[in-house]
Each structure stands twice: as C-alpha cells, then as structure tokens.
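Going down the list, the protein sequences come from chains A and B.
Position one of the first sequence corresponds to residue 1 (UniProt numbering), numbered consecutively onward.
Position one of the second sequence corresponds to residue 1 (UniProt numbering), numbered consecutively onward.
Glycine included, every Cβ here is placed at the ideal spot set by N, Cα and C.
Presented below is the structure to which this report refers.
There are 2 protein chains.
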Amino acid sequence: MNEDEARVNLNIDRVRARPLPLKDDHVTLAHGSGGKASAALVEHVFMDAYGNDVLSQAGDSGVVATAELVQEHGTHLAMSTDSYVVNPIEFPGGNIGELAINGTVNDLAMAGAQPKFLTAGFVLEEGLAVSTLKTIVASMREAADKAGVKIIAGDTKVVPRGAADKLFITTAGVGVVPSNRTVGAEQVREGDVIILSGPIADHGMAVMMARGDLAIQAPIESDTQAVNGMVEALFTAAPDTRWLRDATRGGVATVCNELARATAKAVVLQDEGIKVRELTRAACDILGIDPLYVANEGTFLAVVPADQAQAALDALHTSGAPEATICGRIDAQPAASVVLVTGFGGTRMVDMLVGDPLPRIC
Amino acid sequence: MNEDEARVNLNIDRVRARPLPLKDDHVTLAHGSGGKASAALVEHVFMDAYGNDVLSQAGDSGVVATAELVQEHGTHLAMSTDSYVVNPIEFPGGNIGELAINGTVNDLAMAGAQPKFLTAGFVLEEGLAVSTLKTIVASMREAADKAGVKIIAGDTKVVPRGAADKLFITTAGVGVVPSNRTVGAEQVREGDVIILSGPIADHGMAVMMARGDLAIQAPIESDTQAVNGMVEALFTAAPDTRWLRDATRGGVATVCNELARATAKAVVLQDEGIKVRELTRAACDILGIDPLYVANEGTFLAVVPADQAQAALDALHTSGAPEATICGRIDAQPAASVVLVTGFGGTRMVDMLVGDPLPRIC
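Structure representation (structure tokens):
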C-alpha cells in the first residue's frame with residue numbers, strides 16, 4: 001500500500017488533521033486541475049489565510065472554496081465565484097461567456113440556492129476583436145435569460161498584448177436558499193443513492209477537439225447548460241436531497257473523491273450507470289484519458305435518500321435531464337474511498353486526479 | 001414608466017441619445033483606461049447586451065457597470081465586482097490582493113452599502129512563486145479584516161506560462177444598504193457641495209515608480225485603503241449625502257465628468273481644494289501627467305447638501321480622512337461639463353480622459 005492509498009483510508013478526522021502536502025515552490029498547471037495538487041494549494045495557501053466559519057465548511061468541484069450559505073437579515077444567501085480561462089474561447093456547444101454564466105448559476109444551484117444576480121469581470125487582451133467580444137457578451141445575456149438570472153454589475157480591464165490570452169471572465173453570483181433545504185456532505189447517510197444527471201466527459205473532449213491540435217476530429221458538443229431548473233424539480237420530488245455537485249474540473253472521479261473524503265464513507269459507482277456518448281468515449285480511448293476525470297459543465301451528481309431515488313430520477317427525466325441515471329450508492333467501506341464496480345462484477349479504486357490531462361478546459 | 005425610470009431617462013437623455021462612438025474593431029489599452037474609450041466600449045458592447053433596469057441605472061468609476069441596489073426579500077442588497085491586473089503586483093503601500101479587497105469594499109461603500117461578504121477569483125500564471133501567492137493572499141485577509149468583511153468563496157485557475165502575466169484577481173462583493181440611504185446622480189442638486197476625502201494621484205504614481213522603467217525614483221506610496229468606515233461616519237454626519245464615487249481609473253477628472261454627464265449639470269472644481277502631495281506632483285510634472293487623471297484607490301468624492309457640508313467634513317477629519325477638503329460645487333452652467341477654477345481665478349474645462357497614460361495601475 002503506498003502513501004496515497006493509506007491516506008484515502010484515513011477517517012475524516014485524520015484527513016482534516018493531515019492536509020495534502022504542498023510540495024511545489026511554484027504554481028504549476030496541476031494546481032489548476034481540480035485534483036490533488038489543487039486541493040493542496042487551496043488548503044495551504046487559501047484556507048490558511050482566509051479560514052472562517054463559512055469558508056471552512058465549503059467544498060466545491062472548483063478550487064478555493066465554493067458557494068456557501070450566509071444568514072443575514074433573515075435571508076439565507078449563497079454566494080459563489082468562478083474564473084474562466086478556457087482555450088479556445090469558442091467551441092462546439094458554447095463559448096467562454098456562456099460557460100461563465102452557467103458555471104456560476106450551477107455552483108449556486110449545487111448549494112441548494114435559487115440563483116438571482118450575477119456580476120462579470122473581464123480581463124481583455126489588447127487586440128481582441130470587438131466583434132468577438134460582442135458575440136460572447138450576447139451569449140452571456142442569452143444564457144442569463146435562460147437561467148432566469150440578471151447580470152447586475154461588471155468590470156473590464158485591458159492588458160497589453162501578450163499579458164493575457166484573449167479574454168478571461170470571472171463571474172460571481174448571489175442566490176437565495178429556501179429555508180427547508182440543507183445540502184452538504186454531512187447530510188449523507190449509508191444506503192443513500194447517487195444520481196448522475198446525464199452523459200459525462202462531453203465538455204472536456206469538445207474543448208480538446210476545438211483546439212485542433214489533435215490528429216483526430218469528432219463533432220462532440222459541450223454539455224454547458226444551467227441546471228438550476230432541474231435542481232428545483234429535484235427538490236420538489238426529493239425534498240431530502242442530501243448533496244449536490246456539478247462534475248466540472250477533475251470530472252466525476254474527483255468530485256466523488258471529495259465526497260468520500262468529506263464523509264469518510266465509500267462512494268460505490270456502478271459502471272453501467274455512467275453514460276458516455278459513443279464519440280466521446282472513442283475520443284477518450286484514442287487519447288488514453290479516462291472519461292471519469294474529464295470535465296462537464298452542465299452535468300451533476302445528486303445524493304438522495306434511497307426511498308426518494310425513483311421520484312428524483314423521474315423528476316430529472318422530465319425537467320431537462322432525460323438521460324439521468326442511478327449511478328451508485330453510499331456504503332460504509334472502504335471508508336473515504338471511491339470504487340467503481342464494472343459490468344463484469346469486478347471493482348477498481350478510483351483515485352483523485354494527479355496532474356492535469358486537460359488544462360484550460362474552463 | 002415609473003417615476004425613477006422617467007427621471008433617469010430625463011437626466012441622461014442627451015447622453016443616451018448620442019452615445020459615444022465606438023470606432024475600433026479591436027480592443028485597445030484605451031478601452032481599459034476608464035475614460036472615453038472605456039465608456040464607448042461599455043455602451044456599445046455591454047449595455048446593449050445586458051441592459052436591464054438595474055444595470056441601466058448604474059454608474060461607476062470602473063467600467064461596465066457598478067454596485068447597484070437590488071431589493072429582494074425585504075433586504076436592500078448591493079453587489080459589485082472588479083478585476084485587478086496591476087503591474088507590478090507589489091508596489092509601495094500595497095499589492096494586488098490588498099487592492100482587490102479595498103476596491104470592491106469601496107465600490108459597495110460608494111453605493112451607500114455596508115460591505116459584508118466578498119468572493120475572489122484568481123487567474124495564476126504557471127511558474128508564479130507560491131511564496132508570492134501566500135504573501136498576497138495573507139494581505140487580502142488582513143485587508144478584509146480591517147474593512148470588516150469576510151471572504152466566503154473563491155476560485156483558482158492556472159494558465160500556461162505566457163498566457164497571463166503572473167496573477168489577476170477578480171473580487172465581487174455583497175453589502176446591505178440601510179433603508180434611509182439613497183445615493184445617485186439623480187439626487188444631486190444645484191448648490192450642493194463636493195468633498196474630496198484626501199490628496200490625489202498617489203496610487204497611480206506609486207505604481208508607475210514601482211515599475212522601475214522611469215528615469216526618476218520617488219518614495220510615493222499608494223493610497224489603497226478601505227473607506228467604508230469613513231462613509232459610515234459621513235452618513236451619520238450628513239444623512240442626505242447625494243452621491244459618492246471613488247476616483248479610481250481616470251482619476252478625479254473622469255468621475256467628475258461622469259457626474260456632469262449623468263446630471264446634465266456643471267461640476268465646478270476649485271484647484272485650491274484639490275491636494276496633491278509634493279513628491280506626487282513633482283513626479284506628475286516630470287512625466288507631463290495631470291494629477292486629476294491619475295488613479296486613486298482609497299480616495300473618494302462626495303456630493304452633500306450645502307448645509308451638511310461642514311458636518312460632513314468634520315466627520316471625515318475624525319474618521320480616517322484628516323486631509324479631506326471641500327473641492328467644488330454643483331452649478332447649472334456649463335451643463336454636463338466640468339470646469340476647474342484656478343488659484344488665479346481663471347477657469348479651464350476638464351474633459352474626459354482620452355487614451356490611457358498609465359495602463360495597468362489597478
């Protein structure tokens with residue numbers, strides 16, 4: 001058993017007591033991957049400095065922290081932020097602007113919040129075509145309308161040519177959390193069922209194809225979409241929904257590892273419950289990338305009580321997620337680990353991502 | 001059309017009827033200056049696409065829009081965002097992290113809000129020293145503590161070496177607006193008095209000096225600071241404060257032009273009421289830059305009713321702005337213009353900034 005495996009088997013107290021080591025003196029691409037290096041950077045740099053009650057309880061598929069709940073003046077608010085640096089800025093199925101809106105909407109939805117207001121901060125590279133900027137801004141408006149949110153504030157900075165790559169967007173959002181919703185890893189119980197809202201790995205592979213530096217081409221479209229409507233339907237059908245997470249950077253494997261780590265329970269995935277479209281799987285195979293680690297931008301995992309699982313599934317099927325599946329369950333052992341049960345009945349451990357096979361996909 | 005909408009439309013009819021032309025096909029550094037080109041970009045690209053009731057009434061020294069008021073669930077919330085790309089990332093008197101906290105705190109304070117919660121999105125260049133990141137993150141925490149706000153969510157992205165310049169930070173913030181406060185250009189009346197909270201041009205010149213590419217050196221420190229405490233004191237002393245604006249990008253000249261444009265009144269500045277520290281003025285003189293156009297990061301303008309001006313000034317003097325001055329007044333003519341009355345009794349028009357003499361100062 002190597003050190004990593006040993007760590008995975010630690011219970012939650014010991015995991016918290018012994019954070020991931022930060023071995024690097026300089027930032028590497030792996031620190032942006034959503035995997036182990038990201039977690040180490042967050043723990044050592046950001047949590048150490050910012051640590052407060054709200055942030056310490058946070059967890060996101062993203063990095064530093066996440067949407068978290070704030071009770072203020074009788075209203076439960078959730079707030080979230082995400083930066084977008086995807087390359088290229090336009091790809092089949094979407095662009096950086098749509099991604100920036102949907103991503104923050106989804107982060108809020110994953111906190112059980114109803115997204116209301118967004119802000120957008122732009123860093124533009126000198127020389128960017130105004131027509132490109134207009135296209136991106138227009139699709140942000142469209143995405144916001146579709147998600148039912150308003151963009152109420154923004155900022156633009158321009159840096160000299162070469163000091164940024166075309167365009168970066170950081171969105172932040174505020175949502176309101178209905179008082180009867182409590183989602184979080186601490187709500188998760190043994191026997192709970194895990195639901196996956198749709199096929200995985202489309203976004204990451206669509207962006208890879210769009211870069212055009214691969215020898216293969218395939219018409220794969222990003223799954224970028226706002227999921228707040230589906231989440232509302234889910235809560236109506238399964239009011240005791242325990243935990244929600246969109247499987248962005250690091251993919252399903254990474255968010256399941258975060259869940260296993262936070263609960264000190266086992267996340268047991270069923271291979272047959274995890275759909276991958278044929279073209280996407282073929283592209284992953286050719287590149288030697290496991291689709292479980294590829295980013296999604298409109299696909300999420302939900303943990304629900306077993307007796308509400310069918311209702312949850314039915315609700316998702318009729319609210320925009322026709323391909324939602326039951327993809328696993330929560331067990332006691334192996335503690336703090338993720339295992340995948342294959343179609344042949346075999347099992348394999350699914351570890352956290354190390355390094356970043358697909359940089360700049362969001 | 002309700003009364004508010006009517007009023008806003010009246011005030012800016014002349015401006016809106018003839019928006020600034022957007023002549024460029026590509027983004028230039030001038031579009032990030034906070035001046036005329038910025039305003040044109042905002043009007044043609046962002047307002048066209050995002051335009052909604054909240055955003056349309058917005059105005060900020062920054063660009064796209066600003067902190068604006070949202071009534072939701074009985075609470076008046078203000079929300080704001082700002083991106084920071086300052087070069088170098090550390091300079092006398094502060095660093096990019098401190099700037100990012102203070103800037104968003106100040107944007108909220110300028111909307112009459114009490115800042116509460118902040119988010120921070122980081123874009124990191126591969127190769128950035130982790131020790132540098134730790135220093136910046138630590139000073140963000142310190143700045144947040146000093147301003148009385150909590151950093152509750154964040155995100156980190158890493159881009160390959162050369163795709164960004166070291167580190168960009170976008171902060172967003174939420175504040176609560178006490179129900180008895182209404183600030184905005186539409187509140188401004190002829191005869192109102194303009195107060196300036198301190199000496200100007202320190203931030204921009206400090207950053208210029210820190211770049212080390214000038215033949216001159218001077219120990220000038222940035223004025224970066226959170227002003228929310230001063231603003232609270234101001235509202236206590238002058239509850240009918242009409243309008244507030246921190247004189248960031250584009251400096252005092254630009255925000256005064258925005259005020260003149262939004263009110264269709266004259267902003268009459270008195271040269272003797274505008275303090276510039278000796279070293280800062282000398283540096284401006286050598287570089288041929290008018291301090292009125294240089295960015296500040298902890299200095300603001302307030303328009304107050306004439307009969308509350310002395311109380312406002314006294315309150316500022318004892319709440320962290322000992323050098324606050326009365327620097328001008330609101331007149332009817334010349335409409336929609338800014339004039340500066342010099343010590344010799346002469347006057348000159350102060351136009352909006354064209355181009356950007358000091359790129360990447362925030």
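How big is the Cα-Cα spacing for residue i and residue j?
{"i": "residue 78 (chain B)", "j": "residue 93 (chain B)", "result": "28 Å"}
{"i": "residue 346 (chain A)", "j": "residue 334 (chain A)", "result": "15 Å"}
{"i": "residue 90 (chain A)", "j": "residue 292 (chain B)", "result": "40 Å"}
{"i": "residue 300 (chain B)", "j": "residue 175 (chain B)", "result": "18 Å"}
{"i": "residue 153 (chain B)", "j": "residue 113 (chain A)", "result": "15 Å"}
{"i": "residue 103 (chain B)", "j": "residue 226 (chain B)", "result": "7 Å"}
{"i": "residue 320 (chain A)", "j": "residue 230 (chain A)", "result": "6 Å"}
{"i": "residue 283 (chain A)", "j": "residue 218 (chain B)", "result": "58 Å"}
{"i": "residue 82 (chain A)", "j": "residue 315 (chain B)", "result": "39 Å"}
{"i": "residue 164 (chain B)", "j": "residue 124 (chain B)", "result": "7 Å"}
{"i": "residue 126 (chain B)", "j": "residue 202 (chain A)", "result": "26 Å"}
{"i": "residue 250 (chain A)", "j": "residue 160 (chain B)", "result": "18 Å"}
Quick one: which chain B residues come within Cβ less than 9 Å of residue i?
{"i": "residue 293 (chain A)", "result": "Neighbours of residue 293 (chain A) on chain B: none; closest Cβ ~17 Å, over 9 Å."}
{"i": "residue 352 (chain A)", "result": "Per Cβ cutoff of 9 Å: no residues; residue 352 (chain A) is ~16 Å from chain B at best."}
By the three-class DSSP mapping on this structure, what secondary structure does residue i have?
{"i": "residue 73 (chain B)", "result": "Reliability fails at residue 73 (chain B), whose pLDDT of 49 lies under 50, so the model's placement of it is uncertain and no value is given."}
{"i": "residue 300 (chain B)", "result": "strand"}
{"i": "residue 139 (chain A)", "result": "helix"}
{"i": "residue 235 (chain A)", "result": "helix"}
{"i": "residue 340 (chain B)", "result": "strand"}
{"i": "residue 213 (chain B)", "result": "coil"}
{"i": "residue 114 (chain A)", "result": "strand"}
{"i": "residue 218 (chain B)", "result": "coil"}
{"i": "residue 197 (chain A)", "result": "coil"}
{"i": "residue 327 (chain A)", "result": "strand"}
{"i": "residue 276 (chain B)", "result": "coil"}
{"i": "residue 261 (chain A)", "result": "helix"}
{"i": "residue 180 (chain B)", "result": "coil"}
{"i": "residue 347 (chain A)", "result": "strand"}
{"i": "residue 352 (chain A)", "result": "coil"}
{"i": "residue 245 (chain A)", "result": "strand"}
{"i": "residue 33 (chain A)", "result": "coil"}
{"i": "residue 267 (chain B)", "result": "strand"}
7 Å is my cut-off, CB to CB: does residue i come that close to chain B?
{"i": "residue 152 (chain A)", "result": "yes"}
{"i": "residue 213 (chain A)", "result": "no"}
{"i": "residue 329 (chain A)", "result": "no"}
{"i": "residue 230 (chain A)", "result": "no"}
{"i": "residue 222 (chain A)", "result": "no"}
{"i": "residue 170 (chain A)", "result": "yes"}
{"i": "residue 346 (chain A)", "result": "no"}
{"i": "residue 124 (chain A)", "result": "yes"}
{"i": "residue 121 (chain A)", "result": "yes"}
{"i": "residue 110 (chain A)", "result": "no"}
{"i": "residue 337 (chain A)", "result": "no"}
Would you say residue i lies against chain A (beta-carbon separation less than 7 Å)?
{"i": "residue 244 (chain B)", "result": "no"}
{"i": "residue 128 (chain B)", "result": "yes"}
{"i": "residue 161 (chain B)", "result": "no"}
{"i": "residue 255 (chain B)", "result": "no"}
{"i": "residue 145 (chain B)", "result": "no"}
{"i": "residue 69 (chain B)", "result": "The pLDDT assigned to residue 69 (chain B) is 43, lower than 50, so where the model puts this residue is not dependable, and the model offers no usable value."}
{"i": "residue 141 (chain B)", "result": "yes"}
{"i": "residue 164 (chain B)", "result": "yes"}
{"i": "residue 56 (chain B)", "result": "Caution is warranted here: a pLDDT of 46 is assigned to residue 56 (chain B), below 50, making its placement in the model unreliable, and the coordinate value is therefore given only provisionally. Chain A, which has no Cβ nearer than 7 Å to the Cβ of residue 56 (chain B), makes this no."}
Could you list which residues in chain A have their beta carbon closer than 9 Å to that of residue i, in chain order?
{"i": "residue 134 (chain B)", "result": "44, 45, 48 and 49"}
{"i": "residue 240 (chain B)", "result": "Going along chain A, no residue has its Cβ under 9 Å from residue 240 (chain B), so there is no contact; the nearest lies around 24 Å."}
{"i": "residue 137 (chain B)", "result": "45, 46, 48, 49 and 50"}
List the residues of chain B that residue i touches, going by C-beta distances under 8 Å, in chain order.
{"i": "residue 235 (chain A)", "result": "The premise fails here: residue 235 (chain A) is roughly 18 Å from chain B at the closest Cβ pair, so nothing lies under 8 Å."}
{"i": "residue 80 (chain A)", "result": "119 and 153"}
Along chain A, which residues have their Cβ under 7 Å away from the Cβ of residue i?
{"i": "residue 157 (chain B)", "result": "32, 83 and 85"}
{"i": "residue 360 (chain B)", "result": "159"}
Determine the chain A residues that contact residue i at a beta-carbon separation under 8 Å, and present them in chain order.
{"i": "residue 205 (chain B)", "result": "Neighbours of residue 205 (chain B) on chain A: none; closest Cβ ~19 Å, over 8 Å."}
{"i": "residue 174 (chain B)", "result": "77, 79 and 174"}
List the residues of chain E whose Cβ lies closer than 9 Å to the Cβ of residue i, in chain order.
{"i": "residue 28 (chain B)", "result": "This model lacks chain E altogether; the protein chains it does include are A and B."}
Taking C-beta pairs closer than 7 Å, name the residues in chain B that residue i reaches, listed in chain order.
{"i": "residue 24 (chain A)", "result": "130"}
Counting Cβ pairs closer than 8 Å, one from the stretch 175-194 of chain B and one from the stretch 237-254 of chain B, do we hit at least three?
-> yes
Do three or more CB pairs link the stretch 200-215 of chain B to the stretch 104-121 of chain B at distances below 8 Å?
-> no
Using 8 Å as the Cβ pair cut-off and three pairs as the minimum, do the stretch 265-278 of chain B and the stretch 140-148 of chain B touch?
-> no
Mind the definition here: the stretch 305-316 of chain A touches the stretch 243-257 of chain A only if three or more C-beta pairs lie below 8 Å; say whether that holds.
-> no
Do the stretch 316-331 of chain B and the stretch 129-137 of chain B meet, that is, are 3 or more Cβ pairs less than 8 Å apart?
-> no
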